[in-house]
Amino acid sequence: MFTGNVDDARKLFDRMLERNTFPWNAFITSLSKLGFVEEAARHFGCIPEPDQCSWNSMVPGDQEMVTQIHASVSKSQYSLDVFMGSALVDMYGKCGNVACAQNVFDSMTDRNAVSWNSLITCYEQNGPACEVLYVFVRTMANGFVPDEVTLASVISASVKTARLMYSNMTDRNIVSWNALFSGYTQKGDNEGALGLFRLLKRESIWPTHYTFGNLLNACTSLADLKLGRQVHALVLKHGFRFQTGQELDIFVGNSLIDMYMKCGSVEDGSFMFKHMVERDWVSWNAMIVGHTRLVQEGCHYFQSMIKDHGLEPLTDHYTCMVDLLGRAGCLNEAKNLIESMPMSPDNIIWGSLLAACKVHGDIKLGEVAEKLLDIDSKNSGPCVLLSNTYAELRRWRDVMRVRKLMRQQGVVKQPGCSWIEIHSQMHVFMVKDKRHPQKKEIYLLLKTLIKQMKLAGYVPDTGDSEDDEVQDKSNFTLSEHLEVTEVAVVE
298 MFTGNVDDAR
308 KLFDRMLERN
318 TFPWNAFITS
328 LSKLGFVEEA
338 ARHFGCIPEP
348 DQCSWNSMVP
358 GDQEMVTQIH
368 ASVSKSQYSL
378 DVFMGSALVD
388 MYGKCGNVAC
398 AQNVFDSMTD
408 RNAVSWNSLI
418 TCYEQNGPAC
428 EVLYVFVRTM
438 ANGFVPDEVT
448 LASVISASVK
458 TARLMYSNMT
468 DRNIVSWNAL
478 FSGYTQKGDN
488 EGALGLFRLL
498 KRESIWPTHY
508 TFGNLLNACT
518 SLADLKLGRQ
528 VHALVLKHGF
538 RFQTGQELDI
548 FVGNSLIDMY
558 MKCGSVEDGS
568 FMFKHMVERD
578 WVSWNAMIVG
588 HTRLVQEGCH
598 YFQSMIKDHG
608 LEPLTDHYTC
618 MVDLLGRAGC
628 LNEAKNLIES
638 MPMSPDNIIW
648 GSLLAACKVH
658 GDIKLGEVAE
668 KLLDIDSKNS
678 GPCVLLSNTY
688 AELRRWRDVM
698 RVRKLMRQQG
708 VVKQPGCSWI
718 EIHSQMHVFM
728 VKDKRHPQKK
738 EIYLLLKTLI
748 KQMKLAGYVP
758 DTGDSEDDEV
768 QDKSNFTLSE
778 HLEVTEVAVV
788 E
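Start counting the sequence shown at 298; every next residue gets the next number (this note's numbering).
1. Based on the DSSP output, what are the partners of F726 in its beta bridges?
2. Excluding the 5 residues preceding and the 5 following V579 in the sequence, name in chain order all residues of the same chain whose CB lies nearer than 6 Å to its CB.
3. If you pair each beta-carbon of the region 684-698 with each one of the region 439-457, do three or more pairs fall below 8 Å?
4. Tell me where the alpha helix (DSSP H) around V442 begins and ends.
5. Can you give me the start and stop residues for the alpha helix (DSSP H) that T686 sits inside?
6. Buried or exposed: where does K308 fall if 16 or more other Cβ atoms within 10 Å of its Cβ makes it buried?
7. At which residues does the alpha helix (DSSP H) containing W693 begin and terminate?
8. Among the candidates D659, I547, D546, F570, whose CA atom is the shortest distance from the CA of I554?
9. Kindly give me the distance between the Cβ atoms of R700 and S684, rounded to whole angstroms, as I take these residues to be in contact under 8 Å.
10. According to DSSP, simplified to helix, strand and coil, what is N423?
11. Would you mind reading off the limits of the alpha helix (DSSP H) that contains F252?
12. Can you look up Y375 in the DSSP assignment and give me helix, strand or coil?
13. Assuming contact is defined by CB atoms lying nearer than 8 Å, are Y420 and V379 in contact in what I supplied?
14. For N394, which three-state DSSP category applies?
15. Between F599 and A490, what straight-line distance do the alpha-carbon atoms span, to the nearest angstrom?
16. Give a yes or no on whether the C-beta atoms belonging to T418 and L377 are separated by under 8 Å.
17. Since D555 is in the alpha helix (DSSP H), which residue starts that stretch and which ends it?
18. CB-CB under 6 Å to L328, same chain, minus the five flanking residues each way: which ones, in chain order?
19. What runs of the beta strand (DSSP E), each 3 residues or longer, lie entirely inside the region 477-512?
20. Distance check for Q749 and A476, CA to CA, integer angstroms please.
21. Measure from the alpha carbon of M703 to the alpha carbon of each residue in C680, G390, L522, then state which is nearest.
22. Evaluate H720 with the Cβ neighbour count: other Cβ atoms within 10 Å of its Cβ, from every protein chain shown; 16 or more gives buried, anything less gives exposed.
23. Helix, strand or coil: how does DSSP classify C627 here?
24. Which residues bound the alpha helix (DSSP H) around M569?
25. Give a yes or no on whether the C-beta atoms belonging to I585 and L621 are separated by under 8 Å.
26. Provide the residue span of the alpha helix (DSSP H) that contains S649, from first to last.
27. Taking only the alpha-carbon atoms, compute the straight-line gap between G390 and S479 and give it to the nearest angstrom.
28. Considering only residues of the region 576-601, which uninterrupted alpha helix (DSSP H) runs meet the minimum length of 4 residues and lie entirely inside it, listed in chain order?
29. Under a three-way DSSP split, which group does P639 fall into?
30. Helix, strand or coil for T436? Go by DSSP, reduced to three states.
31. Output the distance between the C-alpha atoms of H606 and G626, rounded to the nearest integer angstrom.
32. Here's a check: name, in chain order, each residue in its chain whose Cβ is nearer than 7 Å to the Cβ of H529, leaving out the five neighbours to either side.
33. Would you kindly check if the distance between the Cβ of S641 and the Cβ of V619 is under 8 Å?
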């Protein structure tokens, strides 16, 4: 039923003479995922014997719906179930009802890591942010080890708290500004960092090399070359020489090289490298990365480090070389380089080889990189890459094996993100959110385009499908989850 065609799902469901809980759950899940929440709620009330999957299939649309689900759970045999309790905390949090989320959590006789994460996320999204730190301390005190979901919420709440404290400060200097900049970039809120820099300029506070380092990192993450060049101009106006010593600002030059290379401007990156007063390992590293399309030149710089400058390559340099060779399709050379390393290859190096194997369809080498799962089985990236590689070769048993491993390890894929710049404003799109003010117009246009594409004979490339029903890839599914944030360009 998870094909994106709700009409077919309705017809199939209506023709069933006998229905147990499973088809009810499958049909309601289809309706919920396709955005027919009200219809899903009506059918949910007709399930003779709902189970855990029945309630989990419901996407909470509003407070009233969550209350109805809560009441239904309370009257069932699952009223004390830890998974249902965690789901209710999450539902109330998404509806903004912090008090009910806390009450459900307090009434739970058994709690797991998901329960604590749901409560932490609730406070991070709705406030007060200080409660996140309090719950985090309680989580640790109860013997639960924080995972990436926990830490992401804690960092986000810490940044929010820091911003509030900063707003209330009467004496703000560049040190406090830089601390706040660092918090935004480490959290991954690059748009927030750029907005913060605009405020800094208005207060006429003189930025330092740390300020520009964080700002350039934000530009790099957003792949915004135009903005990066504006920042470069500001760097030159402030007289930075990109050297070591008492006024250590060489990392600003390195950040500029990295920004130009990752934004696709190899010529500007090379010019920056050649005109630096001093260079260090990071400088060379950035140059090797930047020449991913110029294999021979990248290898030349790698060898030049060793022979001409007496610099022993670090793990990062080997990682860059594996990525360089992998992107160029030199997979055997990349594998040989890994085996010749004087240190043990880490998860990043194996992940780079795995990504290259997927791009070039070399599953034999991809299976060699499967040992990455033994090194870093908690990371969703390599698991998804390996699964998608198998899917493209229609090796469904291997796909399900990797997906099963992900479920057993509690690995959750992080949502994808893309962005587009329109009239000097950056629009960032993420899954699982619907906050853009023009979402109706966007989806209407998108559906129109999809219809035209189908009429023209378009068949989607389903090689990267991430549904558990990996063998059913016949229809085009429209994702309805996005988040758009507008970012003003540095003037």
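Using N, Cα and C, we set each Cβ at its ideal position, and we do this for glycine too.
Taking the definition as stated:
1. Within the sequence shown, the letter at position 429 stands for residue 726. Beta-bridge pairing links F726 to S715.
2. Walking along the sequence shown from the start, residue 579 turns up at place 282. Contacts found: N551.
3. no
4. The residue given as residue 442 occupies position 145 in the sequence shown. Careful: V442 lies outside any alpha helix (DSSP H) and carries neither H nor E.
5. Translated into positions along the sequence shown, residue 686 becomes position 389. Unbroken alpha helix (DSSP H) run through T686: 677-689.
6. Here the question's residue 308 lines up with position 11 in the sequence shown. Counting Cβ neighbours within 10 Å, K308 comes out exposed, since fewer than 16 surround it.
7. The count along the sequence shown starts at 1 and reaches residue 693 at position 396. It spans 693-706 - the alpha helix (DSSP H) in which W693 sits, taken as one unbroken run.
8. Along the sequence shown, one-based indexing puts residue 554 at 257. Checking every option, the nearest Cα to that of I554 belongs to F570.
9. In the sequence shown, the residue the question calls residue 700 occupies position 403. In the sequence shown, the residue the question calls residue 684 occupies position 387. The pair is a contact, with the Cβ atoms about 6 Å apart (cut-off 8 Å).
10. As a first step, residue 423 must be located in the sequence shown, where it is residue number 126. Helix.
11. Residue 252 lies beyond the residue range present for the chain, which begins at 298 and ends at 788; the question has no answer from this structure.
12. Along the sequence shown, one-based indexing puts residue 375 at 78. DSSP places Y375 in coil when its eight states are reduced to three.
13. As a position in the sequence shown, residue 420 is number 123, starting the count at 1. As a position in the sequence shown, residue 379 is number 82, starting the count at 1. It is not a contact, given that the beta carbons lie outside the stated cut-off.
14. For this step, residue 394 is matched to residue 97 along the sequence shown. N394 falls in the coil class under three-state DSSP.
15. For the purposes of this step, residue 599 is taken as the residue at position 302 of the sequence shown. For the purposes of this step, residue 490 is taken as the residue at position 193 of the sequence shown. Spanning the two alpha carbons is a distance of roughly 34 Å.
16. On the sequence shown, position 121 is the one that residue 418 refers to. On the sequence shown, position 80 is the one that residue 377 refers to. The answer is no: Cβ separation not under 8 Å.
17. Your numbering for residue 555 matches position 258 in the sequence shown. 547-559 is the span of the alpha helix (DSSP H), which, as asked, contains D555.
18. In the sequence shown, counting from the first residue as 1, residue 328 sits at position 31. Excluding residues within five positions, the ones whose Cβ falls inside 6 Å are E336, A337.
19. none
20. Position 179 of the sequence shown, counted from the start, is the residue given in the question as residue 476. Position 452 of the sequence shown, counted from the start, is the residue given in the question as residue 749. Cα to Cα, the separation comes out at about 50 Å.
21. As a first step, residue 703 is located in the sequence shown; it is residue number 406 there, counting from the start. Of the listed residues, the one whose Cα sits closest to M703 is C680.
22. Taking the first residue of the sequence shown as position 1, residue 720 is located at position 423. So H720 ends up on the exposed side.
23. The residue given as residue 627 occupies position 330 in the sequence shown. C627: coil per DSSP, three-state reduction.
24. For this step, residue 569 is matched to residue 272 along the sequence shown. Segment 563-571, the alpha helix (DSSP H) holding M569.
25. Start at 1 with the first residue of the sequence shown, and residue 585 comes out as number 288. Start at 1 with the first residue of the sequence shown, and residue 621 comes out as number 324. Taking 8 Å as the Cβ cut-off, I585 and L621 qualify as a contacting pair.
26. Numbered from 1 along the sequence shown, position 352 holds the residue referred to as residue 649. Run containing S649: 644-657, per the alpha helix (DSSP H) assignment.
27. Within the sequence shown, the letter at position 93 stands for residue 390. Within the sequence shown, the letter at position 182 stands for residue 479. Cα to Cα, G390 sits roughly 28 Å from S479.
28. 578-587
29. Within the sequence shown, numbered from 1, the residue matching residue 639 stands at position 342. Three-state DSSP puts P639 in coil, outside helix and strand.
30. Translated into the one-based positions of the sequence shown, residue 436 becomes position 139. Reduced to three states, the DSSP call for T436 is helix.
31. Start at 1 with the first residue of the sequence shown, and residue 606 comes out as number 309. Start at 1 with the first residue of the sequence shown, and residue 626 comes out as number 329. Computed Cα separation, rounded: 29 Å.
32. Locating residue 529 in the sequence shown gives position 232, where the first residue counts as 1. Same-chain partners within the cutoff: L553.
33. Against the sequence shown, residue 619 aligns to sequence position 322. Against the sequence shown, residue 641 aligns to sequence position 344. The answer is no: Cβ separation not under 8 Å.
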